[in-house]
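Please read the structure below before turning to the comments.
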Amino acid sequence: MIPLKDMITPVQDSTTIHTSLKEALEIMKQNGWNLLPVTDEGDKLVGVFTRSSLYRMIMDKRDLETSIEEYIKKKVSTLPITATYEEVEGIVRTSRVGTGVVVDHGERVMGLFTKTDMVLSLLKATNTLKEQLETVLTHSTIGVMMTDEFERVIYSNERVCKMLGISTSELHSAELLTVLPEIGQAIKHTDTIQPIKLDRLKAVLTMISYQNERNRVGHIFLFQDLSEVESIAQELESVKSLKLSLQTAIDHAYDGIMMTDEKQCIQMVSPSLLELFQMEQKNILFKKADNVFPQFQLSKVYESETAEVSDFKEINGIKYIVHRIPILQDGKVVGAIGKIMYRQLNEVSELFKKLQKAENKANYYHSQYQKAESAKFTWDHIISKDPYMEKLKKSAVKAAKGRSTILIRGESGTGKELFAHAVHNSSARKEGKFVVVNCAAIPEDLLESEFFGYEDGAFTGARNKGKVGKFDLANGGTLFLDEIGDMSLNLQAKLLRVLQEREFYRVGGTKRIQVDVRIIAATNRNLEEMVKEGTFREDLYYRLNVISFHIPPLRDRVGDIHLLIGKMLTELNAALNTSITGMEPQASAILETYQWPGNVRELRNVLERAMTFAEHGRVQLEDLPEYMVGVRREKYIPTYLPEEKMAESAERNAIENALEKTKGNKAKAARILGISRSGLYEKIKKYQLI
Ligand SMILES: Nc1ncnc2c1ncn2[C@@H]1O[C@H](COP(=O)(O)OP(=O)(O)OP(=O)(O)O)[C@@H](O)[C@H]1O
Numbered sequence: 000m001i002p003l004k005d006m007i008t009p010v011q012d013s014t015t016i017h018t019s020l021k022e023a024l025e026i027m028k029q030n031g032w033n034l035l036p037v038t039d040e041g042d043k044l045v046g047v048f049t050r051s052s053l054y055r056m057i058m059d060k061r062d063l064e065t066s067i068e069e070y071i072k073k074k075v076s077t078l079p080i081t082a083t084y085e086e087v088e089g090i091v092r093t094s095r096v097g098t099g100v101v102v103d104h105g106e107r108v109m110g111l112f113t114k115t116d117m118v119l120s121l122l123k124a125t126n127t128l129k130e131q132l133e134t135v136l137t138h139s140t141i142g143v144m145m146t147d148e149f150e151r152v153i154y155s156n157e158r159v160c161k162m163l164g165i166s167t168s169e170l171h172s173a174e175l176l177t178v179l180p181e182i183g184q185a186i187k188h189t190d191t192i193q194p195i196k197l198d199r200l201k202a203v204l205t206m207i208s209y210q211n212e213r214n215r216v217g218h219i220f221l222f223q224d225l226s227e228v229e230s231i232a233q234e235l236e237s238v239k240s241l242k243l244s245l246q247t248a249i250d251h252a253y254d255g256i257m258m259t260d261e262k263q264c265i266q267m268v269s270p271s272l273l274e275l276f277q278m279e280q281k282n283i284l285f286k287k288a289d290n291v292f293p294q295f296q297l298s299k300v301y302e303s304e305t306a307e308v309s310d311f312k313e314i315n316g317i318k319y320i321v322h323r324i325p326i327l328q329d330g331k332v333v334g335a336i337g338k339i340m341y342r343q344l345n346e347v348s349e350l351f352k353k354l355q356k357a358e359n360k361a362n363y364y365h366s367q368y369q370k371a372e373s374a375k376f377t378w379d380h381i382i383s384k385d386p387y388m389e390k391l392k393k394s395a396v397k398a399a400k401g402r403s404t405i406l407i408r409g410e411s412g413t414g415k416e417l418f419a420h421a422v423h424n425s426s427a428r429k430e431g432k433f434v435v436v437n438c439a440a441i442p443e444d445l446l447e448s449e450f451f452g453y454e455d456g457a458f459t460g461a462r463n464k465g466k467v468g469k470f471d472l473a474n475g476g477t478l479f480l481d482e483i484g485d486m487s488l489n490l491q492a493k494l495l496r497v498l499q500e501r502e503f504y505r506v507g508g509t510k511r512i513q514v515d516v517r518i519i520a521a522t523n524r525n526l527e528e529m530v531k532e533g534t535f536r537e538d539l540y541y542r543l544n545v546i547s548f549h550i551p552p553l554r555d556r557v558g559d560i561h562l563l564i565g566k567m568l569t570e571l572n573a574a575l576n577t578s579i580t581g582m583e584p585q586a587s588a589i590l591e592t593y594q595w596p597g598n599v600r601e602l603r604n605v606l607e608r609a610m611t612f613a614e615h616g617r618v619q620l621e622d623l624p625e626y627m628v629g630v631r632r633e634k635y636i637p638t639y640l641p642e643e644k645m646a647e648s649a650e651r652n653a654i655e656n657a658l659e660k661t662k663g664n665k666a667k668a669a670r671i672l673g674i675s676r677s678g679l680y681e682k683i684k685k686y687q688l689i
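Using numbering that gives the first Met the number 0, the final residue of the sequence shown is 689, and nothing's skipped along the way.
Structure representation (structure tokens):
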């Protein structure tokens, strides 16, 4: 309540025993006071000069200049400045005196206290209280309504008006029973209503009675809005069930999982994590995650705010990796999830390695494919130290300079396409395009349009726009016709005409198109036989066969195998991201004696496979395909032999093979083996082959 110092009237002018009647009169008149406190030099109260003192001096006909000393009333009841509101109220109620002197603990005068002071202070306090109450009621989420003794509404706050859908002015003075008929009965029998549910308003109503200034009973009604409570309750329910789902998920999680809150303290932890670290939930819950599981380093994500995956770690011989995931809310980290993966991680890491290898391979092939737009190989890419191949290359370099059509023959995978690239690249047309058409791969009915293109509208349907054919594309460059032996007779005729006349018509076109294209054709088929059978046009055969090269199969140039392996190991290491340093002699021996029906392509595939499986930095016998090892091991290389013996055995086999193939012709055999004739004689002697 109001402290006394806020209710008193301060005394400015000091009155002493020497103050004259005139001065005292003036002060009392000016301030409208009934008494004056009289003090000594130390401002201490010595008495009061009252109105009755004044009357007495006048009656005694005292001069105006006379001091008031004789008329001072010495017995004064004072009020200490520290008096509580209740004490002051008690004094005011019982005292017949209208004004009191307020003093401090040293009896010094602090001011006067009148009953009017008290009333004014109380009025002020009441007003403040009323304003505060009104503010509270206006902003309250509880609807408040008050009725008088006649059950007429005398007050309603905004909330209740909203709930009832009636304006304040309409509600004021309205009969309660018209506003809320459903509570009429309840009011008749009781003064208070325990909370009841009002379905119409979706609210809970509480009624309290009060006594007004006329001592009559009125009522205060409090309406608690249920829709809000209901939505909070619903939210709470869904949070509860979410928490339950989360807990169930964590309890059954395959991986070890823990969740932390904003302060990095553990809130949930999965049984599998406890099992891995051999801990008990009760000992770790609500503790700092980093203190309990330093391996997780979960505090990191509170700073980085991004999910991270750790490297492989190990505990009790079990390998694991850790995922750290921050939980972000409005851009702030409010918690984190730590996940540990340890089950079947060895299998996963194996698969991961394989995947990486496959990815590297795909990237490698993709880069190769990117280069396929133009001729990308030169003579340097054709690896061989075989004297016949050397000669072939030299002749081809010469042939490349001219314009003539070239026919490259040889078994599949011997490097015919590689050869064609190199020819183009060393020709005068090397700046032009090198266009490859695989005649065996294009469906028969598309071959013609692939070759010659078609005009706009040549076909009905979606593909109505014109298309540029391979001849157009290769204009000024080289057209490589791979698998030419697989071309239909019909197309052979059309091709022949282009070769002879150097012009063609587009499918559906009437305009002659002239082109300057060099043709390089390749086949592994026996064209002469085909001519005889009538499946290949003789005239086309002669047209193509102007210059012809035959690439020998790999088994006829055994000396190249070792060279190719060395080169391919380097290339494939880069492509597969492996670091295979070489090959065990047993494995080399197999590769050098194998027949290689698929030639260099097969060699490359076998190596690639072996390098993928190789585990000890070198290709071993078991890394080779079974069909190679099974056949050759039995026939040529007894595994019980020491390594150098095995190499010798393989060498002997290779020499035997070469001599067999050349029917004893040592010069030819030496060429196949890629060694000098004198070298061959030495080996023959060493192995006593003749
Ligand atoms: N002498 C060689 N040096 C290096 N790599 C070679 C050699 N010969 C062939 N190759 C490689 O072997 C694979 C097959 O070569 P290419 O496609 O040129 O053979 P091809 O005779 O045209 O085969 P096909 O008749 O099946 O079309 C390619 O990867 C090629 O690079």
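No residue lacks a Cβ here, since even glycine has one placed at the ideal position from N, Cα and C.
For N474, the Cβ stays outside the 6 Å cut-off from all heavy atoms of ligand 1.
Under DSSP, F503 shares a beta bridge with I512. Inclusion of L417 in the 6 Å shell around ligand 1 follows from its C-beta lying nearer than that to a non-hydrogen atom of the ligand. Around T18, the same chain offers I67 as residues with beta carbons nearer than 6 Å, after the five sequence neighbours per side are excluded. A straight line joining the alpha-carbon of A173 with that of V152 spans about 6 Å. Within the same chain, Cβ atoms closer than 7 Å to the Cβ of K415 are found at I407, G409, A521 and I550, the five residues on either side in sequence being excluded.
Within the same chain, S403 and T404 come within 6 Å of V545 by CB-CB distance, once the 5 residues on both sides are set aside. For K43, the closest C-alpha among the options D103, L273, Q296 and E157 is that of D103.
In the structure shown, Y341 falls within a coil segment according to DSSP collapsed to helix, strand and coil. When only Cα atoms are considered, L20 and Q11 end up about 18 Å apart.
Per the C-alpha coordinates, the member of Y680, I564, S448 and N489 positioned closest to G507 is S448. Taking C-beta atoms as the reference points, G475 and K466 fail to come closer than 7 Å. Counting C-beta pairs closer than 8 Å gives fewer than three between the segment 295–313 and the segment 271–278, which falls short of the contact rule. With a threshold of 16 other beta carbon atoms within 10 Å, E591 meets it and is buried. Bridge pairing for C264: K287 [DSSP]. Taking a cut-off of 8 Å for Cβ pairs, the segment 414–428 and the segment 394–401 touch, as three or more such pairs fall below it. Sixteen is the threshold: when 16 or more other Cβ atoms of the shown chains lie within 10 Å of the Cβ of P36, as they do, the residue is buried. Under the three-state reduction of DSSP, E410 is assigned to coil, being neither helix nor strand. Taking a 10 Å sphere around the C-beta of S120, we find 16 or more other C-beta atoms and assign the residue as buried. Annotation: the continuous alpha helix (DSSP H) that includes V135 extends over K114 to H138. Here Y680 carries a helix assignment [DSSP, helix/strand/coil].
Here the C-alpha atom of I564 lies approximately 14 Å from the C-alpha atom of A573. According to the DSSP assignment, E85 belongs to the alpha helix (DSSP H) that extends over Y84 to T93. By alpha-carbon distance to K375, the top candidate from I320, S411 and V435 is V435. Classified as buried, L3 has 16 or more neighbouring CB atoms from the shown chains inside 10 Å of its CB. Of the other Cβ atoms in all chains shown, 16 or more fall within 10 Å of the Cβ of F112; this residue is therefore buried.
The C-beta distance from E169 to G217 rounds to 20 Å, too long to fall under 8 Å, and the pair is not in contact. Assigned with DSSP and collapsed to three states, T14 falls in strand. Counting C-beta pairs with one atom in each stretch, the segment 662–675 and the segment 548–562 have three or more that are closer than 8 Å, which means they touch. A distance criterion of 6 Å places the beta-carbon of V599 in contact range of ligand 1, judged by its closest non-hydrogen atom. In this structure, N523 has its beta carbon less than 6 Å from a heavy atom of ligand 1. Within the same chain, and ignoring the five residues on either side of F222 in sequence, the residues whose Cβ sits closer than 7 Å to its Cβ are I141, G142, V159, M162, L200, A202 and L204. E229 and S237 have their C-alpha atoms roughly 12 Å apart. L539 is positioned such that its CB atom lies closer than 7 Å to that of Q491.
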